[in-house]
Every structure is written in C-alpha cells, then in structure tokens.
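**Q** There's a structure below that I have some questions on.
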Amino acid sequence: MNVRQTADGVVVGVRVIPRASCTTVEKLAGGELRVKVTAPPVDSAANEAVIEAVAAYFGLPRRQVEVIGGHKSRQKNILLRGCRLDAVADN
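Each residue of the sequence shown is one higher than the one before, starting from 7 at the first, in our numbering.
Okay, here's the thing in structure tokens:
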C-alpha cells in the first residue's frame with residue numbers, strides 16, 4: 007500500500023507524468039496517485055506543480071503538502087501534513 011499514517015501526517019505515493027497536456031490527479035489501486043502536470047521536470051517546476059495539484063485535490067493549503075522523497079524521480083512520496091489516514095482515504 008502506498009498510503010501510510012506517520013506522526014506528521016499521511017504519506018502518499020505519487021507517480022508523476024510531466025509535460026502532460028493538462029494537469030490532472032487520478033487515484034490508482036492501493037491509494038497511490040497519478041499526477042499529470044504541464045510543467046517540465048526542470049528546476050523543480052514539476053515538483054511545484056505536483057504540490058499545487060495534490061493540495062487542490064485534497065482541499066488543503068499548499069503549505070501542508072511537501073515532497074519528502076523522490077525529488078528527482080517520477081515516483082515521489084508526498085507528505086500531507088496534519089492529515090489523518092481516514093480523511094485521505096475518502097478522496
């Protein structure tokens with residue numbers, strides 16, 4: 007499973023597809039997310055776009071969403087700070 011509760015919040019596994027035609031977030035099996043962003047993977051532009059998209063998907067302020075793993079990879083771990091696993095599972 008790619009979603010787990012930690013002391014700081016919930017960590018979600020994310021598969022990123024940069025340079026997509028539009029920005030979308032899709033939930034995959036096991037709770038992992040597929041995030042398509044229009045930004046290229048240059049100078050953290052894609053990471054910033056992923057943070058914005060995930061924050062909007064979960065209805066969170068941007069400051070509560072952080073990339074904690076996979077900064078230069080398409081597979082990332084995103085921390086939803088201050089969230090509970092049951093609240094995230096509902097989305």
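Ideal Cβ positions, reconstructed from N, Cα and C, are used throughout, including at glycine.
Rank I84, R80, V94 by C-alpha distance to the C-alpha of I23 and give the top, closest one.
**A** To locate residue 23, count along the sequence shown from 1; it is residue 17. Among I84, R80, V94, the Cα nearest to that of I23 is on R80.
**Q** Closest by CA to V71, which one among I57, Y63, K82?
**A** Here the question's residue 71 lines up with position 65 in the sequence shown. Ranking I57, Y63, K82 by Cα distance to V71 puts I57 first.
**Q** Where does R6 sit, in a helix, a strand or coil, going by DSSP?
**A** Any answer about residue 6 is impossible in this case: the structure gives the chain only from 7 up to 97.
**Q** Would S41 pass as a contact of V73 if the rule is Cβ separation under 7 Å?
**A** The residue you call residue 41 lines up with position 35 of the sequence shown. The residue you call residue 73 lines up with position 67 of the sequence shown. According to the sequence provided, residue 41 is Val. The question's Ser does not apply to it. It is not a contact, given that the beta carbons lie outside the stated cut-off.
**Q** Tell me whether the beta-carbon of A59 lies closer than 7 Å to the beta-carbon of V31.
**A** Locating residue 59 in the sequence shown gives position 53, counting from the first residue. Locating residue 31 in the sequence shown gives position 25, counting from the first residue. Contact flag set, yes.
**Q** Between the Cα of L86 and the Cα atoms of Y63, A35, K78, which residue gives the shortest distance?
**A** Residue numbering aside, residue 86 sits at position 80 when the sequence shown is read from its first letter. Nearest option by C-alpha distance: Y63.
**Q** By how many angstroms is the C-alpha of K33 removed from the C-alpha of E54?
**A** As a first step, residue 54 is located in the sequence shown; it is residue number 48 there, counting from the start. As a first step, residue 33 is located in the sequence shown; it is residue number 27 there, counting from the start. Looking at the two C-alpha atoms, the distance is approximately 19 Å.
**Q** Helix, strand or coil for E58? Go by DSSP, reduced to three states.
**A** Mapped onto the sequence shown, residue 58 falls at position 52. In this structure, E58 counts as helix in the three-state DSSP scheme.
**Q** Can you tell me whether C28 is buried or exposed? The criterion is at least 16 other CB atoms within 10 Å of its CB, across all chains shown.
**A** Numbered from 1 along the sequence shown, position 22 holds the residue referred to as residue 28. Looking at its Cβ environment, which holds fewer than 16 other Cβ atoms inside 10 Å, C28 is exposed.
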